[in-house]
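*Asks:*
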Amino acid sequence: MLAVFKREFLSYFRNPVGWVAISLMSIISGYYFTGMITSAFAYVNISLEISYLRSFFIILIPIITMRLFAEEKKNGTDVLLYTMPFSMKDAVIGKFLAALSLQALMLISIFSHMIITVILSGFVSASAWGAIFGYMVLAALFISIGMLTSAMTENQIMSAVFCFVILLFLNMLSSIAASISGIVKSFLKFTKLFHLSDSAIYSIGENVRNAISWFDPFDKTSCYTSGVFKIVPLIFCLSFTFVFIFITYRVLEKKRWSQS
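For the sequence shown, the working numbering assigns the number 18 to the initial residue and increments by one for each residue that follows.
If you want it as structure tokens, here you go:
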């Protein structure tokens, strides 16, 4: 696993992918941070900056995960991956940790902003560390999704597109939930199905919205940005991360046996 991790992590810097991802992160975070320190109130909130950066997961995650397994297929080295003496589990975990480590390295701009804030006699609240924790937990979940799309597709572009669509859907899940809730309320009210009262219709619509929104990882981990630690969002993200990693392992294991 360590050999796979080292090989994959270093490969990010042997091609433009790693440098592009780090540069994008630095530019986006730098723009937001500059806006804070040059505003009329010169109010710096690192937690808000990290919360802002989370919305760019839909771009950054596909970039760093699209090549994890699709690159092997492009270079024809996927057969070597399937026939190596180490277990496929080690290969999957090694690649996952490499991508997660790159994502952690991309936070160097955030740490530099924290240092600048302190130098300028500013204050970095404890919630900033909670926001960083939540950011990495969410990153782990999305990287596992991107890794699965890379394992299931034949080229990097398709992997990036599928990952982007999935993450965009998750980013819009709360809005989708609100829309579906409104449709359900309108349908029940218009058709007078079951002859429900207005309060009952409203309650059903809200229950539908809450049920769908429960799967929104952005909303679930927002508590960390506020400096509030909750165990449920952590279990939620880690559980689904494990599920996607396991599915990736099963997909590759199936291909490995087909190569035998």
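Beta carbons: idealized from backbone N, C-alpha and C, even for Gly.
1) Taking the straight line between their C-alpha atoms, what separation do you get for Phe-207 and Ser-216?
2) By the three-class DSSP mapping on this structure, what secondary structure does Thr-238 have?
3) At the level of alpha carbons, what is the spacing between Trp-36 and Phe-186?
4) Quick one: residues in its chain with C-beta nearer than 6 Å to the C-beta of Ile-125, no 5 flanking neighbours on either side, listed in chain order?
5) Are the beta-carbon atoms belonging to Gly-222 and Val-249 less than 8 Å from one another?
6) Can you find the residues in the same chain that come closer than 7 Å, C-beta to C-beta, to Ser-65, ignoring five residues on each side of it along the sequence?
7) Whose CA, out of Phe-259, Ile-160 and His-212, lies closest to the CA of Leu-77?
8) For the putative contact between Val-34 and Ile-80, defined by C-beta atoms under 8 Å, what is the C-beta separation to the nearest angstrom?
9) Determine the contact status of Val-61 and Gly-139, defining contact as a CB-CB distance below 8 Å.
10) Determine the contact status of Met-105 and Arg-273, defining contact as a CB-CB distance below 8 Å.
11) Using the three-state DSSP reduction, which class does Glu-88 fall into: helix, strand or coil?
12) Please list, in chain order, all residues of the same chain as Leu-155 whose beta carbon is under 8 Å from its beta carbon, the five residues on each side excluded.
13) Looking only at C-alpha atoms, which of Arg-226, Tyr-219, Trp-231 and Ala-20 sits nearest to Val-109?
*Replies:* Reading from the atomic positions:
1) For the purposes of this step, residue 207 is identified with residue 190 of the sequence shown, where counting begins at 1. For the purposes of this step, residue 216 is identified with residue 199 of the sequence shown, where counting begins at 1. Going by the C-alpha atoms only, they are around 14 Å apart.
2) Taking the sequence shown and counting its residues from 1, one reaches residue 238 at position 221. Note: Thr-238 maps to coil in three-state DSSP.
3) Translated into positions along the sequence shown, residue 36 becomes position 19. Translated into positions along the sequence shown, residue 186 becomes position 169. Spanning the two alpha carbons is a distance of roughly 27 Å.
4) For the purposes of this step, residue 125 is taken as residue 108 along the sequence shown, with counting starting at 1. Nothing listed; no residue qualifies.
5) As a position in the sequence shown, residue 222 is number 205, starting the count at 1. As a position in the sequence shown, residue 249 is number 232, starting the count at 1. Their beta carbons are not under 8 Å apart, which means Gly-222 does not touch Val-249 by this criterion.
6) By 1-based counting over the sequence shown, the position of residue 65 is 48. With the sequence shown as reference, residue 65 is identified as Leu, and Ser is not the correct amino acid for it. Closer than 7 Å at Cβ, skipping near neighbours: no residue.
7) Residue 77 sits at position 60 when you count from the first residue of the sequence shown. When each option's Cα is compared against that of Leu-77, the closest is Ile-160.
8) Within the sequence shown, the letter at position 17 stands for residue 34. Within the sequence shown, the letter at position 63 stands for residue 80. The pair is a contact, with the Cβ atoms about 6 Å apart (cut-off 8 Å).
9) The residue you call residue 61 lines up with position 44 of the sequence shown. The residue you call residue 139 lines up with position 122 of the sequence shown. A contact, by the Cβ cut-off of 8 Å.
10) Here residue 105 is taken as the residue at index 88 of the sequence shown, counted from 1. Here residue 273 is taken as the residue at index 256 of the sequence shown, counted from 1. Yes. Within cutoff.
11) Sequence index remark: in the sequence shown, residue 88 carries index 71 (1-based). If DSSP states are grouped into helix, strand and coil, Glu-88 belongs with the helices.
12) The residue given as residue 155 occupies position 138 in the sequence shown. Correct list, in chain order: Arg-71, Phe-74, Pro-234, Phe-235, Thr-238 and Cys-254.
13) As a position in the sequence shown, residue 109 is number 92, starting the count at 1. Comparing Cα-Cα distances from Val-109 to each of Arg-226, Tyr-219, Trp-231 and Ala-20, the minimum goes to Ala-20.
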